[in-house]
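Here is the structure we will look at.
2 protein chains.
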Amino acid sequence: MPSAAVEDYVKAIYAMERDSPAGEASVAGIASVLGITKGSVAGMLSKLKKSRLIEGERYSGVRLTETGKKLALDVLRRHRLIEVFLVETLNLKWSEVHEEAERLEHAMSAKVLDRLDAFLGHPQVDPHGDPIPDANGHVPSLDGVPLSMLNETDQGVIVRITNQGSKFLEFVERHSLRPEARFTVVEIQPEAQLISLQVGRKPKLSLSLEAASKILAKRIKQPKRTQRRHT
Amino acid sequence: MPSAAVEDYVKAIYAMERDSPAGEASVAGIASVLGITKGSVAGMLSKLKKSRLIEGERYSGVRLTETGKKLALDVLRRHRLIEVFLVETLNLKWSEVHEEAERLEHAMSAKVLDRLDAFLGHPQVDPHGDPIPDANGHVPSLDGVPLSMLNETDQGVIVRITNQGSKFLEFVERHSLRPEARFTVVEIQPEAQLISLQVGRKPKLSLSLEAASKILAKRIKQPKRTQRRHT
DNA sequence: CAAAAGAGTTTGACAAGCCAAACTTGATTG
DNA sequence: CAATCAAGTTTGGCTTGTCAAACTCTTTTG
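Those sequence lines, one after another, are chains A and B.
Okay, so the first sequence: first residue is 2 according to my numbering, each after it adds one.
Okay, so the second sequence: first residue is 2 according to my numbering, each after it adds one.
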């Protein structure tokens with residue numbers, strides 16, 4: 002069985018691959034997200050290579066092998082199901098479950114996880130809208146565009162928050178920007194890099210396009226109109 | 002925060018103190034229940050002494066300090082609440098939850114545990130009938146006498162199984178001897194060290210007095226009659 | 001294109017825990 | 001009471017995972 006440390010590395014690599022342009026993870030990047038030194042990462046990576054979880058040339062980025070990817074998806078499945086449980090069943094705050102799940106995910110057997118999955122009704126996404134891989138490692142694909150790509154007067158539904166930072170999540174939660182929430186884009190100020198939304202009956206909410214790019218939404222069908230914008 | 006290893010030691014010491022005549026735990030005993038060598042235990046015990054979780058003279062048994070006892074009760078609380086959850090909510094088999102809880106208990110924060118406790122309705126006992134300490138370390142006391150102390154024709158209700166061995170638990174479960182189960186003592190054969198029970202409508206069940214001493218029961222009020230017997 | 005900067009690697013050290021094996025105590029017991 | 005033996009302790013060694021710091025590539029850039 003892989004250790005908790007190995008699982009954390011693999012999970013981090015998976016995430017970095019996903020959103021790095023080259024589809025690779027770097028030593029420095031891993032060190033930074035895991036909060037450890039480059040030296041430690043180098044040591045661990047050479048072990049992961051030996052056990053065929055990752056591959057890559059010396060002095061260059063690493064990629065997960067098929068085995069590594071399977072493991073990463075397994076860890077992600079555990080993590081996200083646990084988050085659903087903590088929020089739906091135990092009513093923990095949406096923004097505080099990440100670190101809890103971070104520890105529990107390493108202690109839960111496949112059997113318990115499957116029962117939990119059934120108990121929760123086989124959810125497709127976690128509380129942040131992240132898709133939950135199924136037991137075979139298949140990830141349901143959700144579509145959604147960054148808020149920062151929308152235009153004035155567009156209406157939409159939040160589908161996903163791609164930023165686990167708890168301060169960011171608290172902000173988002175405080176303004177009811179959870180998945181499922183409906184909103185309208187009321188104003189965009191490209192010079193100020195700002196976007197303003199109307200969410201429910203709450204006061205108008207403004208945030209930077211940078212922050213908005215971490216929130217994915219689905220446009221609600223709305224006759225004719227063009228779109229396009231860049232962060 | 003105490004490591005998982007420290008928690009396991011403290012928990013083991015607590016259990017050994019409870020049912021050793023001298024109220025102490027021995028190095029050899031701890032080594033045996035944790036499945037490690039005496040040398041390793043000696044090393045850890047000296048660390049536990051330094052951190053004031055246990056006390057005791059050199060070359061003699063150890064006892065938990067107040068701090069140590071508090072920690073032990075905390076771990077026990079986690080363990081048992083998790084067992085209740087696994088059985089009641091996730092429908093795991095009664096006999097397979099122990100090892101699961103053994104791992105999960107080290108990964109669950111106080112906050113999650115409190116929510117879980119509330120979700121489960123503040124149970125007093127776990128699926129084996131073991132009392133669950135409350136958040137302040139108070140253990141509800143349950144009375145119950147070993148089955149081996151009962152007499153023929155006595156009727157009772159199982160309250161607790163004091164033996165976590167999964168083969169024993171499977172046996173017990175297979176014969177419906179769970180806590181809450183009603184039974185009648187139909188026969189006792191002191192020479193054969195055997196006791197026979199009638200549980201529900203099941204066929205008569207015989208077991209050794211030794212095994213019976215690991216099952217605690219409460220007698221059901223039944224007019225006049227004396228009792229007494231020894232394992 | 002040479003030098004600085006970044007990124008990756010290596011080395012030596014450390015903390016937890018564990019083991020095996022030698023050694024010391026203390027408790028029988030013949 | 002001396003011999004024995006179980007129980008406790010010590011020592012040296014191993015693994016995992018970490019750090020700090022020196023070193024070496026590779027890339028960027030003046």
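Backbone N, C-alpha and C fix where the C-beta goes; we use that ideal spot for every residue, glycine too.
- If you compare the alpha carbons of B/Asp131, B/Val160, B/Ser209 with that of isoleucine 189 of chain B, the shortest gap goes to B/Ser209.
- Annotation: arginine 116 of chain B to glutamate 100 of chain B spans about 22 Å, alpha carbon to alpha carbon.
- Here DSSP, grouped into helix, strand and coil, assigns valine 140 of chain A to coil.
- Closest in C-alpha terms to alanine 111 of chain A, from the list A/Val76, A/Arg53, A/Ser142, comes A/Val76.
- By the Cβ rule, the region 176-191 of chain B does not count as touching the region 133-142 of chain B, because fewer than three pairs are nearer than 8 Å.
- The beta carbons of isoleucine 196 of chain B and serine 142 of chain B sit no closer together than 9 Å.
- With a cutoff of 9 Å on beta-carbon distance, proline 147 of chain B and alanine 218 of chain B are scored as near each other.
- Of the residues B/Arg220, B/His139, B/Glu106, B/Leu87, the one whose Cα lies closest to the Cα of lysine 12 of chain B is B/Glu106.
- Just so you know, the alpha carbons of lysine 205 of chain A and glutamine 165 of chain B end up roughly 59 Å apart.
- With contacts defined as CB atoms closer than 9 Å, aspartate 20 of chain A and arginine 81 of chain A fail to qualify as a contacting pair.
- The secondary-structure analysis by DSSP pairs glutamine 156 of chain A across a beta bridge with A/Thr185.
- Between alanine 23 of chain B and valine 63 of chain B, the alpha-carbon positions lie close to 10 Å from each other.
- For leucine 117 of chain B, the C-beta contacts it makes with chain A under 8 Å involve Leu91, in order along the chain.
- In terms of Cα proximity to serine 214 of chain A, the closest of A/Ile83, A/Ile162, A/Phe86 is A/Ile162.
- Distance from the CA atom of methionine 17 of chain A to the CA atom of lysine 51 of chain B, rounded to whole angstroms, is 43 Å.
- Going by C-alpha positions, valine 140 of chain A is about 25 Å away from valine 173 of chain A.
- With a cutoff of 9 Å on beta-carbon distance, threonine 66 of chain A and leucine 54 of chain A are scored as near each other.
- Within chain B, the residues Ala108 have their CB atoms less than 8 Å from the CB of histidine 107 of chain A, given in chain order.
- Within 9 Å of the CB of arginine 104 of chain A, the CB atoms of chain B belong to His107, Ala108, Met109, Ser110, in sequence order along the chain.
- At a cut-off of 9 Å between beta carbons, valine 76 of chain A makes no contact with chain B.
- Residue environment analysis places isoleucine 83 of chain B among the buried positions, since at least 16 neighbouring C-beta atoms fall within 10 angstroms of its C-beta.
- Residue pairing by DSSP places arginine 161 of chain A opposite A/Leu217 in a beta bridge.
- A residue is called buried when at least 16 other Cβ atoms come within 10 angstroms of its Cβ; methionine 109 of chain A meets this threshold and is buried.
- For isoleucine 31 of chain B, the enclosing alpha helix (DSSP H) covers residues 28-35.
- Note on geometry: alpha-carbon atoms of leucine 151 of chain A and glycine 157 of chain A lie some 9 Å from one another.
- Straight across, the Cα-Cα distance linking lysine 94 of chain B with valine 88 of chain B is about 6 Å.
- Looking at the DSSP output, valine 126 of chain A shares a beta bridge with A/Pro132.
- By the rule that beta-carbons nearer than 9 Å mark a contact, valine 113 of chain A touches chain B.
- Between glycine 69 of chain B and glycine 40 of chain B, the alpha-carbon positions lie close to 21 Å from each other.
- Neighbours of glutamate 101 of chain A in chain B, taken as residues whose beta carbon is under 7 Å from its own, are Ser110, Val113 in chain order.
- Taking a C-beta distance under 9 Å as the contact criterion, alanine 6 of chain A and methionine 45 of chain A qualify as a contact pair.
- For lysine 71 of chain B, same chain residues with a beta-carbon under 7 Å away, outside a window of 5 residues either side, are Gly138 in chain order.
- Per DSSP, valine 200 of chain B is not a residue of any alpha helix (DSSP H); the beta strand (DSSP E) it occupies stretches across 195-200.
- Collapsing the DSSP output to three states places arginine 59 of chain B in coil.
- Minimum Cα-Cα distance from glycine 145 of chain A among the listed residues A/Ser47, A/Val160, A/Ala212 corresponds to A/Val160.
- Secondary-structure assignment with DSSP links proline 147 of chain B through a beta bridge to B/Leu217.
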